[in-house]
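What follows is one structure encoded as structure tokens, with my remarks underneath.
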Amino acid sequence: EAHIKALLELDVKELTEIEDGAQIILRNTEHGTQNMEQITDKLKENNFNVIKYNNTKPGSDLLRIQSKTSIIKSHNEFNSTGEKILNLIA
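Note that my numbering gives residue 44 to position 63 of the sequence shown, counting from 1, and the numbers run on in steps of one.
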């Protein structure tokens, strides 16, 4: 929202500050991704917000997985929430 307002040169002072949360993108691969419905259901059952895309080109966005808390412990290292997401999509 802030990015769009800034591009449109609108006032950004009234925006809600986000203190925590994260998102990660699952992308299409050349080999395809199977069981998308099952993966989506498992993520939602574990209280993650999931946005599905109808893209088919390799490298394009397939799922946007959002968490209310951080998923990163440190650079290139997931915390327990990030590990949970990885296990659910494996």
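Think of the CB as a built atom: it goes at the ideal place given N, C-alpha and C, for glycine as much as any other residue.
Residue state for ASP1 is assigned as coil, using DSSP reduced to three classes. For ASN30, the enclosing beta strand (DSSP E) begins and ends at 30 to 33. Three or more Cβ pairs drawn from the segment 36 to 46 and the segment 3 to 10 lie within less than 8 Å of each other, which places the two stretches in contact. Look at GLU18 here: in three-state DSSP terms it is helix. Three or more beta-carbon pairs drawn from the segment -15 to 5 and the segment 51 to 70 are found closer than 8 Å, and the two stretches are therefore classed as touching.
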